[in-house]
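2 protein chains.
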Amino acid sequence: MSIVKKILIADDEPDIIEILSYNLKGEGYEVVTAKNGDEAIEKAKATKPDLIILDMMMPGKNGLEVCNILRNQSIFAGTLIVFLTAINDENTEIKSLENGADDYLTKPISPKVLLSKVSSLLRRVKTDGPSILTVGDFEIDRERYIVSLKGEEIILARKEFELVALLASKPGKVFLRNEILNKIWGTEVIVGDRTIDVHIRKIRQKLGEECISTVKGVGYKFDI
Amino acid sequence: MSIVKKILIADDEPDIIEILSYNLKGEGYEVVTAKNGDEAIEKAKATKPDLIILDMMMPGKNGLEVCNILRNQSIFAGTLIVFLTAINDENTEIKSLENGADDYLTKPISPKVLLSKVSSLLRRVKTDGPSILTVGDFEIDRERYIVSLKGEEIILARKEFELVALLASKPGKVFLRNEILNKIWGTEVIVGDRTIDVHIRKIRQKLGEECISTVKGVGYKFDI
DNA sequence: TATTGCATTATCAAATTGTTAAGCTATGTA
DNA sequence: TACATAGCTTAACAATTTGATAATGCAATA
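Chains as they are written, first to last, in our numbering: chain A, 1 to 224; chain B, 225 to 448.
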């Protein structure tokens, strides 16, 4: 997860989108919007937001359906989903929470309260580890995009850095090629088979051959 | 974090404590209670709950003070704190959330909604334990794609690993040859009769002859 | 003894990854 | 604008690993 949090707003009322968008952007969030359920799913896949604000009643798929579809995909397991709806009904709220929503807010809501809620929810997930993580002799500063080996700074390109940061986030864990593609390139971009290899190659040139090992037929892992 | 989640309820009204306690225990939670702010802090330190339900107005230290004190101690960084209060005021809600609360619920609240909220919050902090399977002297790490025997790592090819992981998922159970084919090769691919044998052979070479035994005419099983 | 089922080995095809060089794109600069 | 540059992707081919099969052997059993 990057430093700037990305929020997807899905609502069929343009006014709501505008008000929320304005307020969230004012707090420094990156905002993506969708006008209906299908667009919400599409945008979610393409942009991988950190938090999704879902209206319950939308044309096409409703909020609950969107929530269920996303929750069934492991990429969205960590994504926060918040309902924002005019339906002030206890049973709907319970059903939403049981279906994987992280919060249920009712309209009308003051922007200030919404911002507090959003911030409170994101605070929890921010525990994606500290911005600087240390693995073996490496220090990976995710805020400054710098890797250092025994104190010496090594300059990596953006994709290279993201790849290292991903693999190093769970040293030892084997990341499947598909997993890597999804997390770094997303599902909307399609890149060739050799793209990952080439980046791995460059990383190995810069950080040493031993830092990343290949598990054939499976993926790559960062060695401790 | 253990499997059974521990919840601390701090409220000066015995009735509230009793109702909440009853409902939470009914869902399988372990419940600790406190009658005021100081007792809440004391019990929190003593029992290290996973979630704390805090009343705002209590004798001695009020909810917000308790929240601040706990949030300043790193042991409670991961502890969920939820306010449950009769004060239905926007500014108080915002201030609570800004001070580190994870949710702000107003009385009266239906037990069902509260339970949903609690469950939704706890779902997020669920610690995903490593997917390591231990069978006899073997450790099978499905995340790292590594099998180790008495601490020594053994490298298996993908099909070999999948076969071991399958058999070891239910040690002692005899897996039919067809079952194995279906689970590892799927129904699309058709492979010859000797394919499984050969893989079993390679696994036995690497893990030892005794780990997998043949049940003639039936299939194979992982020995404990 | 003949039969059945599995074990073993060698061999070859297929799948997968490594490596280098070249092309493309966006961005900055004179 | 034209040029330079860095970064990303792809192409092409090499190297490596893996997987499937065939041929043969062995052991238990009818």
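For glycine and all other residues, C-beta sits at the position ideal for the given N, C-alpha and C.
Check	Outcome
DSSP state of K430/B mapped onto helix, strand, coil	helix
Under 7 Å from the C-beta of I231/B: neighbouring residues of chain A	Result: empty, since nearest Cβ-Cβ is about 17 Å, beyond 7 Å.
Beta-carbon contacts of N36/A that lie in its chain and below 8 Å, excluding the five residues immediately before and after	A10, D12, M58, P59, G60, K61
Helix, strand or coil at K440/B according to DSSP, with G and I counted as helix	coil
Range covered by the beta strand (DSSP E) that runs through S372/B	370 to 373
Close beta carbons around R71/A, own chain, < 6 Å, minus the five adjacent residues each side	G100
Residue burial classification, G63/A (beta-carbon count within 10 angstroms, cutoff 16)	buried
Coarse secondary structure for T309/B, derived from DSSP in three states	strand
Beta-bridge partners of L54/A, as assigned by DSSP	A10/A, F83/A
Option nearest R142/A by Cα separation, candidates S148/A, S131/A, E152/A, L149/A	S131/A
Cross-chain neighbours of Y253/B in chain A, by beta carbon under 7 Å	Ordered by position in chain A, no residue passes the 7 Å Cβ test against Y253/B, which lies about 16 Å from the chain.
Beta-carbon spacing of I448/B, G360/B below 9 Å	yes
Endpoints, the beta strand (DSSP E) within which A34/A is located	30 to 34
Exposed unless 16 or more other CB atoms sit within 10 angstroms - verdict on K117/A	buried
According to DSSP, residues forming a beta bridge with F225/A	Since the first residue of chain A shown is 1 and the last is 224, residue 225/A is not available in this structure.
Proximity to A258/B [Cα-Cα], best of P273/B, N247/B, L431/B	P273/B
Spatially closest choice to L244/B from S334/B, L400/B, L387/B, by CA coordinates	S334/B
Whole alpha helix (DSSP H) elements within the region 362 to 406 of chain B, 4-residue minimum	382 to 393, 401 to 404
Member of E27/A, L176/A, N91/A, S148/A whose CA lies at the smallest distance from the CA of F161/A	S148/A
Check whether I41/A and T79/A have beta carbons under 9 Å apart	no
Cβ of L387/B within 9 Å of any chain A Cβ	no
Identified DSSP bridge partners for L70/A	Paired residue(s): none; L70/A is not in a bridge.
Start and end residues, beta strand (DSSP E) containing I356/B	356 to 359
Option nearest I379/B by Cα separation, candidates L390/B, S343/B, I364/B	I364/B
Positions along the region 99 to 121 of chain A whose CB lies within less than 9 Å of some CB in chain B	G100, A101, D102, D103, Y104, S110, K112, V113, L115, S116, K117, S119, S120, L121
Same chain, Cβ closer than 7 Å to E205/B, five either side skipped, listed in chain order	Within the shown structure, residues of chain B are numbered from 225 to 448, placing residue 205/B beyond reach of any answer.
Which of helix, strand or coil DSSP assigns to D327/B	strand
For L167/A and Y104/A, believed in contact at Cβ under 8 Å, the rounded distance	That belief does not hold up - the Cβ atoms of Y104/A and L167/A are roughly 36 Å apart, past 8 Å.
Beta-carbon spacing of L308/B, T330/B below 9 Å	yes
Beta-carbon spacing of V256/B, K249/B below 9 Å	no
Helix, strand or coil at K5/A according to DSSP, with G and I counted as helix	coil
N-terminal and C-terminal residue of the alpha helix (DSSP H) that V342/B is part of	335 to 349
Given 8 Å, three or more beta-carbon pairs between the region 394 to 402 of chain B and the region 432 to 444 of chain B	yes
CB of E93/A within 9 Å of CB of V337/B, strictly	yes
Among E18/A, S96/A, K183/A, R158/A, nearest to Q73/A - alpha-carbon criterion	K183/A
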